[in-house]
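Numbering (full-length UniProt numbering), first residue to last: 1 to 214.
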Amino acid sequence: MSHNLLTNQQTNPIQKAEKNTTLYLTCNYETNPILIEKARAFVQSEYSKLGYVGYDAEFDRQFDRNGLSQYFIGIDNAQNIVATARVLTRGPMGLPIEYAIRKDSEQKVELGKGKISEMNSFAASNMTAGIRVLIMSAEFVLQQNYDATFGLYDIERPSVGRLYNRFGTVDSKDHPYLIYYPNYGKIEAGVVRPTEWVIQVSDYAKIIAKIRQT
1 MSHNLLTNQQ
11 TNPIQKAEKN
21 TTLYLTCNYE
31 TNPILIEKAR
41 AFVQSEYSKL
51 GYVGYDAEFD
61 RQFDRNGLSQ
71 YFIGIDNAQN
81 IVATARVLTR
91 GPMGLPIEYA
101 IRKDSEQKVE
111 LGKGKISEMN
121 SFAASNMTAG
131 IRVLIMSAEF
141 VLQQNYDATF
151 GLYDIERPSV
161 GRLYNRFGTV
171 DSKDHPYLIY
181 YPNYGKIEAG
191 VVRPTEWVIQ
201 VSDYAKIIAK
211 IRQT
């Protein structure tokens with residue numbers, strides 16, 4: 001990753017990188033597509049380490065190209081991405097969650113109308129940096145004044161759900177069912193078993209309380 005990439009004039013640095021510290025950046029696909037693609041590759045790599053298969057980069061990319069995504073990225077002093085998170089504002093392509101299938105009815109997910117967003121693409125090889133990008137994304141959500149912000153966690157990894165809960169999310173009462181993406185999951189007996197996900201929604205009062213603690 002080049003120095004020019006990190007200092008792109010349209011990429012917003014949150015703090016300067018010093019020895020043994022992390023540089024935090026915010027950007028979108030319009031301001032820094034090269035960095036976004038590196039972040040996408042990082043997310044795919046981190047999830048692959050956990051056994052997930054079926055990631056579709058082009059499907060994911062379509063939500064960035066309309067300029068409605070915002071990335072929060074941590075980069076260490078060796079110029080390596082160590083944490084990412086993303087907030088997507090719903091636009092013409094909808095949100096990734098709306099392409100998922102409900103396990104109970106086998107119908108597509110419908111989130112309703114309004115100004116809504118999705119927090120996703122969280123990955124971290126350094127948990128301190130991971131926590132920081134989660135805080136940054138939560139602050140962004142508050143600033144945007146969404147009607148609702150949704151997210152997901154793997155039903156088999158409840159610790160991730162508890163982590164997100166620390167930053168202001170709760171399991172959705174309006175969407176209490178599990179969802180899945182037909183071609184995304186883990187290999188079992190030579191075939192892909194789709195991962196089942198829990199839908200969460202942001203509790204803005206909890207987000208405010210968490211930010212005040214930091």
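We put the CB at the ideal spot given by N, CA and C, even for glycine.
Please read these numbers as outputs of a predicted model, since none were measured by experiment.
From the DSSP output, in three-state form, read off residue i for me.
i: A100; result: coil
i: Q79; result: coil
i: Q62; result: coil
i: I155; result: coil
i: residue 220; result: In this structure the chain extends from 1 to 214, so residue 220 is not present and cannot be described.
i: M119; result: strand
i: G130; result: helix
i: S202; result: strand
i: V160; result: helix
i: Y24; result: strand
i: V141; result: helix
i: N165; result: helix
i: K186; result: strand
i: K108; result: strand
i: Q15; result: Residue confidence for Q15 is low, a pLDDT of 49 falling below 50, so the modelled location carries little weight and cannot support an answer.
i: N125; result: A small fix is needed here, since residue 125 is Ser in this sequence, not Asn. Coil.
i: R193; result: strand
i: A209; result: helix
i: Y146; result: coil
i: S69; result: strand
Assuming residue i contacts residue j under a Cβ cut-off of 8 Å, what Cβ separation, rounded to an integer in Å, is found between them?
i: N171; j: V198; result: Looking at the sequence itself, residue 171 is Asp, so the reference to Asn does not match. With 8 Å as the limit, D171 and V198 qualify as a contact, their Cβ atoms being about 6 Å apart.
i: S125; j: V192; result: With 8 Å as the limit, S125 and V192 do not qualify as a contact, their Cβ atoms being about 25 Å apart.
State buried or exposed for residue i, treating a residue as buried only when at least 16 other CB atoms are found within 10 Å of its CB.
i: residue 232; result: What is shown of the chain runs 1 to 214, which leaves residue 232 out entirely.
i: V87; result: buried
i: S137; result: buried
i: L50; result: exposed
i: D64; result: buried
i: R107; result: A small correction: the amino acid at residue 107 is Gln; Arg does not occupy that position in the sequence shown. Result: exposed.
i: G112; result: exposed
i: P96; result: buried
i: K16; result: Below a pLDDT of 50, predicted positions are generally treated as unreliable, and K16, at 45, falls in that range; the measurement from the model is reported next regardless. The residue is exposed, with fewer than 16 neighbouring Cβ atoms inside 10 Å.
i: R212; result: exposed
i: S202; result: buried
Within its chain, find whatever has a CB closer than 6 Å to the CB of residue i; leave out the 5 residues flanking it on each side and keep chain order.
i: A100; result: V109, I179, Y181
i: F167; result: L134, A138, K210
Note down, in chain order, each residue of its chain lying with its Cβ closer than 8 Å to the Cβ of residue i, except the 5 sequence neighbours on either side.
i: N183; result: G54, D56, V192, P194
i: G147; result: According to the sequence as given, residue 147 is Asp; it is not Gly. So the qualifying residues of the chain are G114, K115, I116.
i: Y52; result: Y184, G185, K186, T195
i: Y153; result: V160, G161, Y164, W197, V198, Q200
i: K103; result: Y177, L178, I179, Y180, E196
i: L142; result: Y204, I207, I208, I211
i: S105; result: Y177
i: E156; result: T195, E196
i: Y47; result: Y55, A123
Might you give, ordered along the chain, the residues of its own chain that have their beta carbon closer than 7 Å to the beta carbon of residue i, omitting 5 neighbours on each side?
i: A129; result: T22, G74, V82, A83
i: Y29; result: I36, D64, R65, G67, S69
i: M93; result: Q62, F63, N66
i: R90; result: I116, S117
i: G151; result: E118, M119, N120, Y164, T169, Q200
Review point. Touch check for the stretch 201–210 and the stretch 69–81: three-plus C-beta pairs under 8 Å?
Key: No: the two stretches stay apart, fewer than three of their Cβ pairs being nearer than 8 Å.
Review point. Touch check for the stretch 34–46 and the stretch 121–137: three-plus C-beta pairs under 8 Å?
Key: Taking 8 Å as the limit for Cβ pairs, the verdict is that the stretch 121–137 does touch the stretch 34–46.
Exercise for review: May I ask you to verify whether the stretch 126–139 touches the stretch 187–201, counting CB pairs closer than 8 Å and requiring at least 3?
Suggested key: No: the two stretches stay apart, fewer than three of their Cβ pairs being nearer than 8 Å.
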